[in-house]
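Worksheet: the structure to be examined is printed underneath.
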Amino acid sequence: MQKQIVSGVNLNINRTKRWQANVLTCHFVGPAANASQTALTLLARLLSRGCQAYPQNDQLNLALARLYGANLRVEHQLLGNWQDLYFEISYVDPDHNGEIGRQALSLLKQLVFEPLFKVAHFGVQAFDLEYQALKNELTDLKNDHDFEAYALTKAAFFHETYAQQPTIGSLAELAQLDYQQLATLYQQLVNNWRVELFASGQSLPDNETLSDWDFTARLGQLPEVAVAQQPGTLQKIEREVVGQQTHLTLAYQLPKLVQADNHARDVLRVLVAYLGGDEQSLLFRQVREKHGLAYDVSARDDLLLGWLVIEAGVDATQVSSALAAIQTVIEQAALQIDQQLLTAEANNLLNQQIRSLDSIHFQQSRLFRNALFPERQRDLQQITASLQQVTTEELRALAAQLQLKVVTIVKNSQAVQS
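Taken in order, the sequence shown gives residues 5 to 422; the numbers are from my numbering.
The following block contains the structure:
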């Protein structure tokens, strides 16, 4: 069942006996430029600590425990040119009478509408704790050279500030944040951002109760989802660090597939898996196994951000050889595709899709994506047919369109000095 509660606020109810668990989710989706990654990370952590009724974290944990050990998540994600902040409560109801669901829904509403910002003393206290914890975490990440290579690459690749930062954020952005800024941001988000509500499971409250939310109407309009990238020629970034490994990150610009059909996006999924999805992939076989130029190597993509990233850990003396070998793999894929490997990777993707159907959280995420992109909605039979129809010609054509834009080398200085 789908319905609009008020303008810009939508509800999707999915009653199913497939799972014992039940999930209630409230998404706020708005323009990415309106909130930094760091602000949303800190905000999500603050919102998950309590609310007006349960101002201390142990009180909230006790309330969740009383709901047969219900779980709470408050997280955020970047979806191209959009930001998504969401609350999620999952629970089981052994009595199947709906009471646990009603209590879980009530708690979710308290977390959304009565956050710690309404109890200033506890709000400021929670802010100070989470601020320091995030600062410590970001400081520790300075010694994570995989993360550093990725962050440097992201900053160079994208034009917009929000896309340049990793999901967790940055110390520079954190230094600019204070309690009142977060309070103001959250109020704007609750009042103005598009709201997508989802309820899935077999022990949900009745439809009338699920529809009873106190949101005001809002436009709910979102900007174009595509993200602008830095124009120009290839950028090369080099840093020296003390560590055991040298880290390489190569970022490729994808052709514009955001508005493409589902099959074109499946071709990309198969290509990424073919290049570096697992231990049978082309990068792993050629760069690591055949030539011994990498300790590990993998590929991943973000369609909404429009990039494909290859990451590798190598010896500092093998940087040039490893970079050349990686680029050779890309060029090789543009000329010739191994049909046997293509079929194996397409089957792996299909098996992953089938296994994911056993997860109610995946189902909830799929419903959310379908709400944002209704034109992409399809069933398992359609996904299966599309993946099985991916051809070598399609993979070659897509590989030929990959444009290398950023190469980042975070080099082990000990190896350099020796």
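We put the CB at the ideal spot given by N, CA and C, even for glycine.
Taking every protein chain shown into account, the CB of V246 has fewer than 16 other CB atoms within 10 angstroms, so this residue is exposed. Secondary structure at V291: helix, using DSSP grouped into helix, strand and coil.
Distance between V13 and I364, taken at the CA atoms: about 23 Å.
Our two residues, I330 and D342, have alpha carbons roughly 17 Å apart in a direct line.
For F377, there is no enclosing beta strand (DSSP E), as DSSP marks it with neither H nor E.
Contact check for E242 and I104: beta-carbon distance about 56 Å, past the 8 Å limit, so the pair fails to qualify.
Per DSSP, K158 has no beta bridge partner at all. Contact between A375 and N16 holds, since their C-beta atoms are separated by about 6 Å, short of 8 Å.
Distances from the alpha-carbon of A176 to those of E212, K139, P59 and L208 put K139 closest. Here N101 is not bridged, per DSSP, to any residue. Residue pairing by DSSP places Q331 in no beta bridge whatsoever. Annotation: H267 is outside any beta strand (DSSP E); the continuous alpha helix (DSSP H) that includes it extends over N266 to G280.
Counting C-beta atoms within 10 angstroms of its own C-beta, G73 has fewer than 16 neighbours from the protein chains shown and is therefore classed as exposed.
Rounded to the nearest angstrom, the gap between the Cα atoms of Q129 and A401 is 55 Å. Between V274 and L354, the gap from beta carbon to beta carbon reaches 8 Å or more. With a minimum length of 4 residues, the unbroken runs of alpha helix (DSSP H) contained wholly in the segment 209 to 236 fall at 211 to 214. Here the segment 148 to 157 makes no contact with the segment 190 to 207; the two share fewer than three CB pairs at distances below 8 Å. In the pairwise beta carbon analysis, the segment 197 to 216 is classified as touching the segment 18 to 38: at least three pairs are separated by under 8 Å. DSSP, reduced to helix, strand and coil, places Q180 outside both helices and strands of the structure shown, so it counts as coil. Under the three-state reduction of DSSP output, T29 falls in the strand class.
Collapsing the DSSP output to three states places N85 in coil.
Look at I172 here: in three-state DSSP terms it is coil, with no helix or strand label. Proximity of the segment 80 to 92 to the segment 33 to 49 meets the contact definition, three or more beta-carbon pairs being nearer than 8 Å. Beyond the five residues adjoining it in sequence on each side, F377 comes within less than 8 Å, by CB distance, of no other residue in the same chain. Take the alpha-carbon of W86 and the one of A230: they are about 9 Å apart.
Between L252 and the set V27, K415, A338 and L71, the nearest pair of CA atoms involves K415.
Between A316 and V291, the gap from beta carbon to beta carbon is short of 8 Å.
Annotation note: the segment 342 to 419 contains the following uninterrupted beta strand (DSSP E) runs of length 3 or greater, listed N- to C-terminal: 407 to 416. Membership of F202 in any alpha helix (DSSP H) is not indicated; the residue belongs instead to the beta strand (DSSP E) covering R198 to G205.
Secondary structure of Q60 (DSSP, three-state): coil. Under the Cβ criterion (8 Å, minimum of three pairs), the segment 164 to 182 counts as touching the segment 43 to 58. Rounded to the nearest angstrom, the Cβ distance from V96 to Q368 is 15 Å, too far for a contact under 8 Å.
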